Structure formats: C-alpha cells, structure tokens
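A.B. asks:
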Amino acid sequence: MAGYVLRRLFLILLVLFAVSLLVFTITSILPASVAHLILGPFAPPEQVKALELKLGLNDPILVQYWRWATRFMMGDFGESMLMNRPVAPLLAEAVQRSATLGICAFVLIALIGVSLGVIAALRHNRPLDHAISIATYLGIAVPEFFWSIVVILVFAAYLGWLPASGYEPLSAGFSVWLKHLVAPTITLVFAHLAHVSRLTRSSMIEVLASPYVTAARAKGLPERIVVIRHALRNALLPTITVLALDIGRLMGGIVVIETVFAYPGLGRLLVFSIQQRDLPTLQAAILVVAAIFACANLCADLLYAWLNPKIRYGRTVA
Amino acid sequence: MGELSLESTAPALPRRPMPAQLKAGLAIVGAIVLLSLLAPWIAPHPWDTISIRTRFLPPSTTYWFGTDDYGRDVLSRLLMGGRLSLAMGIGATGISVLFGVPVGLIAGYFGGKVDEVLMRIADVLMAIPAIMLGLLVLAVTPPALWKTAVAVGFVYVPLIARVARSVTLGLANVEFVEAARARAESAVHILFREILPNAWPPLIVEASLRVTYAILLGSALSFLGLGAQPPSSDWGLMISEARAFIDRAPWIALAPGLAMCLLVIGINLIGDGLRERLDPRLKSQIARV
Amino acid sequence: MALSIEGLTICYRVPGGTITALSEVSLFVPKGRTLAVVGESGSGKSTVALAVMGLLASEARIPAGRILYEGANLLALSPDARRRLRGAHIAMVFQDPFSVLNPSLRIAEQVGEGLVYHKGFSKQAALARATQLLHEVGIGEATAVGNAYPHELSGGMRQRALIAGALAAEPEFLILDEPTTALDVTIEAQILDLLEELKRRRGLSILFISHNLGVVRRIADEVAVLYAGEVVESGPTVEVFERPLHPYTKGLLAAIPRLAARQARLAAIPGRLPDLRQLPTGCRFEPRCPFAQAPCQKPQTLRGMSGTRTVRCVRAAELASAPWPELGAPPPLPPRRASLDTPAVVATEEVSKTFTLNRGLAALTFEGWRPAIRPVRVRAIDGVSLTIARGEVLGLVGESGSGKTTLGRAILRLINPDGGRVLIAGEDITRTPQAALAPMRRIAQIVFQNPDSSLNPRKTVGEIIARPLQRFAIVPAGEVANRVHALLDRVRLPAHYVDRYPHQMSGGEKQRVGIARAIATDPQFIVCDEPVSALDVSVQAAIINLLADLRDRLNVAYLLISHDISVVAYLADRIAVMYRGRIVENGASEAVLAPPHHPYTEALLSAVPTITRADHDRIRLPLEARHSSKTTGCVFARRCPRRIGPTCDTDAPPVRQAGPGHSVACHLPFASTNQ
C-alpha cells in the first residue's frame, strides 16, 4: 500500500511538471508574437519592443521557462497585465470562492446522484427506474449554460426568489451570502447529477447480477442485507472512480456557471484572462486548476485503494 | 452413422429487430440533419437581415419562434445554426477518432514502453479539465468556429485513445490473435484484419456518444465567446447573446437550447441503440440451462 | 424422502420463443443419501438446483410441478418463508469459488453471516463459530484464513470456505453444483473426501450436480441422468454405471477415456442437443440414437425396471445388454511409425521462463522504513528438456501452475524463453528474431483450448481456413477453395460450412475448424493446448478420435497438453509429468502409468476419479501448489508423502532411469514406489 501511494505521488509530480511545460508552450511559443497577442495587432512597434524587453521575450525559450518555473514554485505567480496586481493573491481569493461553490455542488451531486442511481438499480425495469432514467437522459442532454438560463428565468425573473448574479462575502451576512450561492449551485447540480446517477445505476446493476450476490441470497439473508452489505460495498468502489472523473467536469462547469452568474471565482477569472490576453494570470490559473484536479484524483485513488482489499492487502495467505 | 450428418443443422436464429431506441434516434437526428441541410432553401426568412421594426416579436404564425434583438427570425437562424452544430460535432469527433484510435491501437497492442509513454502524454492532456484545455488552446489565436472544432477534437483525442487502448488490450491476447501470431502475421495485418474488425463496435458506440460531448463543448466555447463570432447563428452563440434579454424575450434563448437538447438526445439514442444491437451479437444466444 | 421433485416443468422466455428447460422432471433424494444429477450443457441440471433454492431468474416460469421438502411444497410458500429455509435448512455450494465470494468481506465474516440472521448469533459469536467451521473443513490456519480476503486464498481454500459457509447454519440438505469442476484433480480429491466425511458426520442429504461421471461414481448413492430437460434414467449409481439401460447413458459411458483399460477407439455421440424451443414429440434422443426405430417417434414415458431403476426408453428391455456401438472402424492403417531413430522434430534443452509480475515503480515496497524494489518473479518453466519424434504424441500432464501452457507457447516462440534452447526440425530457433520465424511457423502449429475465442468472430470458416494457405502460399490462389473443402472434409465438417460464422456453430464444430486451420499448412508438429477441456464429454470423444486419425494419416507430432490424464493416456505414446515448472517424470505411456513412479505421478493417478475403480486407499496431498520461495531441492518436497528427509529440501533430485527411455527426478530408490 505504501508503495502504491508513493508511486501515485511521483506520477502526479511528473504530470504537473509536464502540464507546466504544456501551458508554457502553448502560451509562449504558439502565438507568433506574444507581445502582439497582448497588445493587439496594431500596436506601435516601440510599445511592442518595450513589452518584449519587460517580459524577457527575447531570451531563449528554455531560459524563459526556467525563469517562469522557478518563480512559480516560490509562489511568485507574476503580475497580472490587466490589473497590475500580483497574481497570487488574486488567484487565492478566486480559488476560495470557487471552492465553496464546487464543494457544495459536489457534495449534493454525490449524495443525490448516487442515491438515485442505487434506487434506480434496485427498481430495475420498473416504473421508478424508467422515470429516473428518462429524467437523467434529459439531464445529460441539456448543456450547462442552458440550465443556467432556465434557473435564472425561473428563480430570478419569474419567482424573484434569488438574485440573478453576483456574489456577497460572508461578512455581508449569512443569508445574503447563501442566496447568491444557491442559484449557481443548483445549476451545477442539475447539470451533473444525471451523469453520476447513470453510471452508479449501471455499476449497481452489474454488481446485483454477480455470483456472490446470488450466493448471499442462497444463504437466506434478508434482501436488505444482501443489498447493503454485499452489493453496495462493491458497487461503490467504481462509483468513487466515477465521482473522481466528475470533479474534472465539475471544474469545467464552474467556468461556464461563474460566467453566467457573474460569480467572481476561478472560472470567471480564467475567462477574463483569456478575453484580455492576460498571460501570466492565465498560465497560473491553469496550473492551479491542474494541481487541484490532480490532488482530487489522488485522494480518490487513495480512497479506492484503501477500500479495495485487493490493493490494500496484496499478498497470498494460503 | 457419420459423425457429421446431424451437426450440420444449426438452429436458425431469428433476425432481431432494430431496437426501438435506434429507430427513434435515427428519426430525430435524421429530421434535424435534413432540415439543416435544406436550411438555405426552406428557411422562411433570411437569417441575417437586420430589421429594427421587427425586434423582439413573440412567436406567431409569421415568425414561428419569434424574432431576436436585431429583428431576425429565430427559426431561420436556428435552421442555419443546425448545420454549424452538426459540423462541429462530426468534425471534432472525426479529428479525435482519426488521431485517437491509431494511438490507442498501438498503445494497446505493443504495450511496454510505447504504451507507457503514450499513456503518460494522455494523462498530461487529461490533467486539465476539457473546457479549460479548449480555452487554453483558443486563447492564443483569434477565435473562429473551425478553430473551435479543431480544439475540441484535440481535447478529446486522449479520451478516445484511452477507450481504443482498453478495447485493444481486451483483444490483444485473445486466442485467435495468438493464432495469427502463430502464422507469423505482421503487426499491421493483426491490427487491421484481426483486432480492428472486432474492435470497431465499441468504438463506434463511443464515437457516437462523443459527438454529443463535442457539440456541447463546442457550443459552450461559443457561448463564452471563443468560438463562433457574431453574426453567426451558432446555437451556443445565440444563447449567449440572448442572456441579456432573458426576461423580455425568453424565446430567443429557449429555442436554440431546446433544439440542442433534441439533437443531443437523438444522438444519445442512436448510441444506445447501436450498443444494444452490436454487443449482444458477440455473446452466446442460447440461454445456458 | 428429504426432497421430492415431482413433475417439475420450467420454461424461460427468451427473444425468439420459449425455452423449456425442464419437462416434468421427478427426482427423489432419500434422507441421509446422495443423489447425483448428471447431464451435459443444456440438460437443465443447474436449473434444478436453482429451482429448489428459489433463485431462478425472473424470466423463468413454472407451469407445473411440486418441490416437496419435508412434506411442504416449496413452490407454494411465500418468498419470505422460502428465504428462511435457505441457508438454515437447504444450503447451496456453487461452482466457481473464484467469483462466488464477496471480494470486499473477510472470509470469517462471510462464513458466519448466516448464523447472525438465522440463529440470532452476535457478530463475535458468529466469527468464533466461523473459525471453528473453517477448522472442521480441514483448514489448518483457521484464524489466519478467517481474517483474509478471498483474493488472498487459493482455489481449494476458497471452496472449503464456501462449504464451511454453507454448513454454518446447520442445514440438513446440501445442494452442490459442480463444486470441483474448477479445481485441480488433486484438490478435487481432497474436497470430495471432505464432503464424504461431512455427510457422514452430520447426516446430510445431498443433491450433487455434475457432468463428471467419475466424481459421481465416487460420491453418489443414486444417480439420475438428464437429457434435454428430461430424466432419461435413474437408479443406484453402481448399477446404472455397470449396466446402463438408456442409450444416452451407454453413449456417455462409452465416450469417456479410461485409464485402466486403453480402448481401441472412443465412442462418440453424433449430432447435438435438440432445440429447446421446439422440442420433438417423440424421444428427444432419437435423432442421435443408434438404436432408434419406429416406436421411438412416439412420446416416451419413464418406466420402472428392476428395483428402483427407471428408464425413459421403449426399447430399454430388449437393449439391456447391447453396448454402445463403436463407430465404424477406419480402414486399417499402416502401423504407427513413431520410432526412436527418426530425428526429433522438437527438442528443448533446459528451457526456462520467468515472469515478473510487477515492474519498476510498481514493485516499490517498504521494509520497515527503507524503500526497496522487490519485483515478484514466477518461474513458470525451470530447465525443461524433452524431445518429440516425428509422428509421436507426447502428452504433457500437470495441474494449474505447472507451467505446461507456458512450455507449449515457449516452444512455438509465442512466448520468448529466458534460457535454454528450442530446436524445431533440427534448427535452433531460440534467438531467431520474430520476423525470421515464418518457415518455422509453417511446420509448427497450435490448436487452442477455448473454441469460442480461438476463431475470429468476424470471419467465415472459409476465410479462417484459407488464411494460412494464403499466408504461406501453400497452393496457388485458384486452388485455395478446393484445398479448403478438402480440409473441411478431413475434419469431417460438411462443405457448406464454408460460409458459416463461428457464432452459428457448436463448440465441437468450432474446435474442428481450429484443427483444420492448424493442419492447413501440413505441419510436422502441433501443440494441442487442452484441446477438449472446454467441450462436453460426448463431443470430446469425437475430437479425440479426430486427433488420433489425423496423427495417423498425416504423421504429425503432437505436444498434447492436458490436466486430464485419462485423455492424455488415450492418445499419447509418451507422457511427461510437470510440476511447478519442472518435468518430474518422462517416459512411454505404459511405463509412466504403471509403477515405479514419481510420487507426484502416483498421487495424480490415484486422485483421478474413475468410473470403474472401486474405493481403495488413495494418496492425498496436503496443502496446495503455490508460487512461493525458490528452493534448491525438490519442488515437490513440501507436499510429498514420500519425503525422505532434509535431502529432499536441499538437494536437487537426480534424474534417474527407471527403465529404457523412462526418467524420474526423485531421490527415492525405485523399489519403494513399486506397488
């Protein structure tokens, strides 16, 4: 087990390193002229030259990368071109806000999605299953940004219960803070529930058909015990993998949701930095996202390894 | 009594009907494709003519889905936009299949170092959530719809490669492939004549589902302004532009949204129907008693 | 009667019709006795077990019949009442111990859970009792095993644990569905011993389901033979096996290769099962029966014969003493030409292959606090030397983990050996690059075990057989079709099969296509890797006969790999016995099958359940084979009942000649194994 953990950690570091290379390559090498990208195609040549000097764009690529990487690891994420502020604290704030949103949504998705999936599997091929299946089918077909429009339409425009956008910090009052959080959270949950529910359902159906479940029934155990003790335990393992994958999609969803709801989190920062060609912020944001995603996957892997006896106890006893 | 005389009468299996899902899916998607292809000819009004007088008209008999903030007929724009969404879906998926399947086949068949390297590269690309990778790629170049399709295709290459690889792994050690190696067949022959013909059913199913993801991702990128540009009637862009008027004229956003749902549901039905049809044929038909 | 099944009929709805799995089946299990239900695939025997347990699939319908247990009709009980019977009164042991245990629960928990729900035990009490039960089923380290997870145990251990779990709530009736099919024969023998003892000690009534007549002979008091969902014969086991009345039973018994008496030719049952969706009104066996006459077209009923015997055959009385006819003997062939002076077509010298189960970082573990890389290595084959002459059949016998499959593949360079040499037709091919092996591949081919996966499902039979012809340009393009027809004829398949796809054929037919593919290039040597293990007994005989004929006509050598020593004994000129990667005995068949032996061969031979041999003292091997630490001594020493002493553990056993061409690797002097 310890070997497993170390291996995964090592791989993650490797991957993050490669991601940093990727990000740097795309943002610094791909565009024909980075300075023109930032300043626009019609910028006067003196400005372009000045910018190139300032950003050290005339140095060899490897030197640029090294400079960037070492500074990054020290915590200096550079300065935002747009806001003329250091990126790091900007990013920290944004991450905090997105984290609130993301974690609330994730918890709800996990609880509701898995429950729906398990229920649908237990009532396999009966009306409740069909109802849930149809609902989830619709769920995966609707794009996130559409859900957000619908939510705004229903809850903000018609019912007036929730504000259509914006964000208030906790300091402004708990209920106000909560109100601004609800609409984006609901939208995220609606958008991702279906996927988790469907995958849980098929995993559960597969487990319910497996020989050891039949054997458990053959022992005359009450159905409740068969489902919880035998089926669920084994069906939940692949569900962890599914949820881990879903974190990535959730993070992607946050980008769109935050844009629609003008929620000042990481996603919105990312979109802004792209629209404004704010390269340092863009580079830092993507790398932070990749790091968070990698950590989330690592936690999921470790949880899976912990729960799966085959990995936790590898050796042969008798 | 010869040993062969009676083994020759294998019971004929009834021809299984096309699953209902497949029929429904083909019907829906077929209708959308048809309408989109014929759009320039059947659209009731020009899709890009600005007319101040006809702004924000609710759905009526002249304008079935109403008009938008520039007075353009939503239905006509919808029909034209359909072509863009279909092109996005098929184009992007085409790219990811074109690059992803060979990579997956090679990684799965040859294994070893080749597999390790290819999968690590895939890991790196998948370490960034899809939409963000797309954003990253599109950030460095002025936006255009075709570039979005390429970006989306690129984003999904590692996913398709993974699927192709796992299918290939499942087949690489099957006995009839070993039999081919026992005939000194070349790797090319084995990949294309033994493995691929058996690998394509799950790949087709995966590809068809991937089309829906491509359409959704592509329109999300357009929604964010990094794909189609005005005055294009790409559905994602339409929804994005309609946001400002959501309370005044909800139909501008609802029409493309519902259209997209319909298209995605249709393609999903096709994918599910294909899975029903293609998979069971490989399994034994007679129940073991 | 402990259990009476009366007139049970079960149907399944499937796309394309209704399958009648059982037709008015009646079976009786007396108290304290064992009834075996015998049949091949499609006979319905597993359905009987599931019906008694109440675990049939939801598509099943029971239009008629009763199942009486202790007087009560199980089918009339409520689901809850039936559930309470399960485990506490009627318990079941399933076939495959590998998938029937919950991978996430410890063994003791799974063994004891029945007690918690049926007898109201507390968790601790249940665990304690579980450990006792594990001990009762012969597991030495009961506590350690109880704490382990299923994946940490070997097959025999798992099956013992399953039996313990079934007995936990003290049922009176036990159903066993092919409990030893997935196990090695030496382990099977242990499990059968265990079952006999448990039955005696606890007074169990047992319903035993199997296709293996040898096992049935050993363990069952009464037997019922099922065919296509009907009971065709029943009665006391010994009587049914010694004087079978129904033609199907006669055919089954005639199709089994016997160790004790080597037959000239095995009798095969031609044809295949009737379509269970459209059953004939007359005798269901009639199309395949060599004794069929006009009265057989009418519906057959079960008639009582002498004693408790019943038979479903209108001609049973007159055919009572008629044996199953041997298939028309093939025309006399020139005498077998396997001689020792022709150069060997295959020779291996000290071939070895070691597999590393994890590589690089995956092998990282911690010893205390220090990191270390400890890859797990398995020596699949360890210094194997053997030769096969032209036209000779060498049978390679061994159980799981012996390395026999690896050896077959290593000889053909489908796996690359780590050490030693492999020579084919005199040429050393050990290090030849794969690209240069084409000429060797033409003369050395392979037949695989599993008919379902050895043929490409997307190719027709014609394409499958034609491919080797095209690849090696055996005949010009225009001649290929003719040659394919000739090959189909050789393997006794009709010519119109050329357009068939594998999923349209039966297991036996697919295996024939695999054989046709292998002989297409006119090879000198074929590795037959468990060619009949995946087939029903009646079909096995036909394939074995085919292999024998081809050997004679084509003068091709076989390496016949099998775990079933009876099959090997029938076909092979010489036998090599493998254990944990080494050849422990090698010689002519008659020599190996008769003493003096290697102790492992001795144990293997005595463990094989046969139809004819009465119970006599059997040799039992303790523990099981597992890949564990290397040893400088004999690999068999840990389990050897004849172990002399420390010499066996430290010194490699010398290879000694027990007779001309008969070598045994053992420290024991031969006189002591001569019984």
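Protein chains in written order, with the working numbering: chain A, 13 to 330; chain B, 94 to 382; chain C, 8 to 682.
C-beta: ideal position from N, C-alpha, C; glycine also.
Nothing here was measured: the structure is a model prediction, and the numbers come from that model.
What's the call for TYR577(C), buried or exposed, on a 16-neighbour Cβ count within 10 Å?
C.D. replies: Label assigned to TYR577(C): buried.
A.B. asks: Excluding five sequence neighbours on each side, which residues of the same chain lie with their C-beta closer than 6 Å to the C-beta of ALA317(A)?
C.D. replies: Closer than 6 Å at the Cβ level, and outside the excluded window around ALA317(A), lie TYR16, ILE323.
A.B. asks: Between the segment 377-393 of chain C and the segment 508-515 of chain C, do three or more beta carbon pairs fall short of 8 Å?
C.D. replies: No, the segment 377-393 of chain C is not in contact with the segment 508-515 of chain C.
A.B. asks: For the segment 254-280 of chain B, list every residue whose C-beta sits within 7 Å of some C-beta in chain C, in sequence order.
C.D. replies: So the list reads VAL267, GLU268, PHE269, GLU271, ALA272, ARG274, ALA275, ARG276, ALA277, GLU278, given in the order they occur along the chain.
A.B. asks: Take every Cβ of the segment 188-196 of chain A, pair it with every Cβ of the segment 239-259 of chain A, and state whether three or more of those distances are shorter than 8 Å.
C.D. replies: Output reads no: the segment 239-259 of chain A does not touch the segment 188-196 of chain A.
A.B. asks: GLY364(B): buried (16+ other C-beta within 10 angstroms of its C-beta) or exposed?
C.D. replies: Buried, by the Cβ-count rule.
A.B. asks: Any idea if THR155(B) is buried or exposed, counting beta-carbon neighbours within 10 angstroms, 16 or more meaning buried?
C.D. replies: It counts as exposed.
A.B. asks: I want to verify the contact list: residues of chain C whose CB lies under 7 Å from the CB of VAL269(A), in sequence order.
C.D. replies: Correcting the residue type first, residue 269(A) is Ile in the shown sequence and not Val. Going along chain C, no residue has its Cβ under 7 Å from ILE269(A), so there is no contact; the nearest lies around 37 Å.
A.B. asks: How close, in whole Å, do the beta carbons of PRO294(B) and LEU371(B) come, if the pair is a contact with beta carbons under 8 Å?
C.D. replies: Yes, PRO294(B) and LEU371(B) are in contact; Cβ-Cβ is about 4 Å, under 8 Å.
A.B. asks: Would you decide whether PRO342(C) is buried or exposed? Buried here means 16 or more other CB atoms lie within 10 Å of its CB.
C.D. replies: Caution is warranted here: a pLDDT of 49 is assigned to PRO342(C), below 50, making its placement in the model unreliable, and no coordinate value can be reported.
A.B. asks: Whole-angstrom Cβ separation of VAL232(C) and VAL404(C), contact assumed at under 8 Å?
C.D. replies: With a Cβ gap of about 29 Å, VAL232(C) and VAL404(C) do not count as contacting.
A.B. asks: Just to confirm, is the Cβ distance from LYS411(C) to ILE551(C) under 8 Å?
C.D. replies: No, the pair does not count as a contact, with Cβ atoms beyond the cut-off.
A.B. asks: Alpha carbon to alpha carbon, how far is THR160(B) from PRO236(B)?
C.D. replies: Answer to the nearest angstrom: the Cα atoms are 27 Å apart.
A.B. asks: Can you look up ASP87(C) in the DSSP assignment and give me helix, strand or coil?
C.D. replies: Helix at ASP87(C).
A.B. asks: What residues in the segment 215-241 of chain A have a beta carbon less than 9 Å from any beta carbon of chain D?
C.D. replies: No chain D is present in this structure, whose protein chains are A, B and C.
A.B. asks: Does the distance from the CB of LEU108(C) to the CB of PRO157(C) come in under 8 Å?
C.D. replies: For LEU108(C) and PRO157(C), yes; Cβs fall inside 8 Å.
A.B. asks: Is ARG225(C) close to the ligand COA? I mean its beta-carbon at under 7 Å from any heavy atom of the ligand.
C.D. replies: For the ligand COA, the structure offers nothing, since it holds no ligand at all.
A.B. asks: Along the chain, where does the alpha helix (DSSP H) containing ALA309(C) start, and where does it finish?
C.D. replies: It is Leu, not Ala, that sits at residue 309(C) in the sequence shown. LEU309(C) -> no alpha helix (DSSP H), and no H or E assigned at all.
A.B. asks: Scan the segment 81-165 of chain C and note each continuous alpha helix (DSSP H) run of 4 residues or more that stays entirely inside, going in chain order.
C.D. replies: Counting whole runs of 4 or more residues, the segment 81-165 of chain C contains the alpha helix (DSSP H) stretches 86-92, 114-125, 130-143, 149-154.
A.B. asks: Taking the C-alpha atoms as reference points, what is the distance between PRO338(C) and GLN452(C)?
C.D. replies: A caution first: PRO338(C) carries a pLDDT of 49, below 50, which makes its placement in the model unreliable, though a value can still be read off. If you take the alpha carbons of PRO338(C) and GLN452(C), they lie about 27 Å apart.
A.B. asks: Could you tell me the alpha carbon to alpha carbon distance between THR657(C) and SER670(C), rounded to whole angstroms?
C.D. replies: Cα-Cα distance, rounded: 21 Å.
A.B. asks: Quick one: residues in its chain with C-beta nearer than 6 Å to the C-beta of PHE405(A), no 5 flanking neighbours on either side, listed in chain order?
C.D. replies: Limits of chain A in this structure are 13 at one end and 330 at the other, which puts residue 405(A) out of reach.
A.B. asks: At 8 Å on the CB atoms, spell out the chain B contacts of SER460(C), in chain order.
C.D. replies: Going along chain B in sequence order, the residues near SER460(C) (Cβ under 8 Å) are VAL267, GLU268, PHE269.
A.B. asks: So if I threshold CB-CB distances at 7 Å, which residues from the segment 549-562 of chain C count as touching chain A?
C.D. replies: Going along the segment 549-562 of chain C in chain order, one finds no residue with a Cβ nearer than 7 Å to chain A.
A.B. asks: Across which residues does DSSP place THR25(C) in a beta bridge pair?
C.D. replies: Looking at the DSSP assignment, THR25(C) forms a beta bridge with ARG20(C).
A.B. asks: Consult DSSP for PRO341(C) and reduce its assignment to one of helix, strand or coil.
C.D. replies: Bear in mind that the predicted position of PRO341(C) carries a pLDDT of just 47, short of 50, making it unreliable; the figure below should be weighed with that in mind. In the structure shown, PRO341(C) sits in coil (DSSP, three-state: anything other than H, G, I, E or B).
A.B. asks: Please confirm whether ASN489(C) has its beta-carbon closer than 8 Å to some beta-carbon of chain B.
C.D. replies: Judged by the 8 Å Cβ criterion, ASN489(C) is not in contact with chain B.
A.B. asks: Residues of chain B with CB under 8 Å from ARG261(A), in chain order?
C.D. replies: Here the neighbours are PRO222, ALA223.
A.B. asks: Taking all protein chains shown into account, do 16 or more other C-beta atoms lie within 10 angstroms of the C-beta of ARG438(C), making it buried, or fewer, making it exposed?
C.D. replies: Under this definition ARG438(C) is an exposed residue.
A.B. asks: In the segment 409-428 of chain C, which residues sit with their C-beta less than 8 Å from some C-beta in chain A, listed in chain order?
C.D. replies: Under the 8 Å Cβ criterion, the segment 409-428 of chain C contributes no residue.
A.B. asks: For GLU334(B), which residues from the same chain have a beta carbon less than 6 Å from its beta carbon, with the 5 sequence-adjacent residues on both sides left out?
C.D. replies: Same-chain partners within the cutoff: there are none.
A.B. asks: Applying the 10 Å Cβ sphere with the 16-neighbour rule, what's the burial state of MET219(B)?
C.D. replies: Buried is the call here.
A.B. asks: For the segment 311-327 of chain A, enumerate the residues whose C-beta is nearer than 8 Å to any C-beta of chain C, in chain order.
C.D. replies: Listed in sequence order: LEU319, ASN320, PRO321, LYS322, TYR325, ARG327.
A.B. asks: Mind listing which residues of the segment 437-462 of chain C have their C-beta closer than 7 Å to chain B's C-betas, in chain order?
C.D. replies: The segment 437-462 of chain C vs chain B, Cβ under 7 Å: LEU444, ALA445, ARG448, GLN452, ILE453, PHE455, ASN457, SER460, SER461, LEU462.
A.B. asks: Contact check, ALA28(C) vs GLY51(C) under 8 Å by CB: the rounded distance?
C.D. replies: That pair is a contact at about 5 Å.
A.B. asks: At the 8 Å Cβ level, is PRO251(C) part of the contact set with chain A, yes or no?
C.D. replies: Not one chain A Cβ lies under 8 Å of PRO251(C).
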